[in-house]
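Comments concern the structure below.
Residue numbers (the numbering used here): 1 to 196.
Below, the structure is given as structure tokens:
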């Protein structure tokens, strides 16, 4: 048994529908940009919140003040994309170990994203990436949480001015931003594009 549904349209109804579709299509790029911008704004807020300094024995060593985040949104060939870019003000660290000067470049964004030494998180756990043991792991403390470093060497070649070094706690701003954006995709899409 089959049945048919018959619908009658008036010319004015079709014209109105066609106009609505045309208006929607004209605004689609604008809506896509709003969608991407709103998601990126959520991500940037999470990044900034997660970059706040964590105190305690194994804090973030105020690395967050050396990090900033911005978004870049563009539409090209009918495609819209938005990227969150995190940058850290890289600096050089110098210390002495067994009478030998050592140095390394420190990237604050990597420090707060992945941590350092014994507190570092694996990049494979965070981003399906290869393992990352934190910054300056070549200093021999990749599995430690506490150690001592000398900041100076005297005229006899003896290290002096010792201070305690500690690992950095990862707060993972980019990782948590990605999760929060993913959690808000449907809500933002409904608000921007309409629908139930």
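Where is the CB? At the ideal position from N, CA and C, for every residue including glycine.
Worksheet entry | Identity of the residue in 95, 83, 120 and 34 nearest residue 104 by Cα | 95
Worksheet item: Considering only residues of the same chain and omitting the five flanking positions on each side of residue 89, which have a CB-CB separation below 7 angstroms?
Response: 66 and 108
Item to complete: Spell out a yes or no on whether the stretch 168-179 and the stretch 25-39 are touching, meaning 3 or more CB-CB pairs, one atom from each, closer than 8 angstroms.
Response: no
Worksheet item: With 7 angstroms set as the bound, which would you pick, yes or no: does the beta-carbon of residue 72 sit closer than that to a beta-carbon of chain D?
Response: Within the model displayed, chain D is absent; a lone protein chain is all it includes.
Fill in: Contacts around residue 68, its chain only, beta-carbon distance under 7 angstroms, and the 5 residues preceding and following it disregarded
87
Worksheet item: Closest by CA to residue 99, which one among 60, 92, 117 and 151?
Response: 151
Practice prompt. Within 10 angstroms of the Cβ of residue 85, are there 16 or more other Cβ atoms? Answer buried if so, exposed if not.
Written response: exposed
Worksheet item: Which whole-angstrom value describes the C-beta separation of residue 165 and residue 112, a residue pair presumed to lie in contact below a C-beta threshold of 8 angstroms?
Response: 17 angstroms between Cβ atoms; not a contact.
Practice prompt. Could you check how far apart the C-beta atoms of residue 75 and residue 32 are, in whole angstroms? I think they sit under 8 angstroms.
Written response: 7 angstroms
Fill in: Supposed contact pair residue 115 and residue 57 - C-beta distance, whole angstroms, cut 8 angstroms
Their Cβ separation, rounded to whole angstroms, is 14 angstroms, which puts residue 57 and residue 115 out of contact at 8 angstroms.
Worksheet item: Taking the alpha-carbon positions, what's the residue 161 to residue 93 distance?
Response: 15 angstroms
Worksheet item: Is any heavy atom in the ligand NAP found nearer than 6 angstroms to the beta carbon of residue 45?
Response: The model on display carries no ligand, and the ligand NAP is accordingly not part of it.
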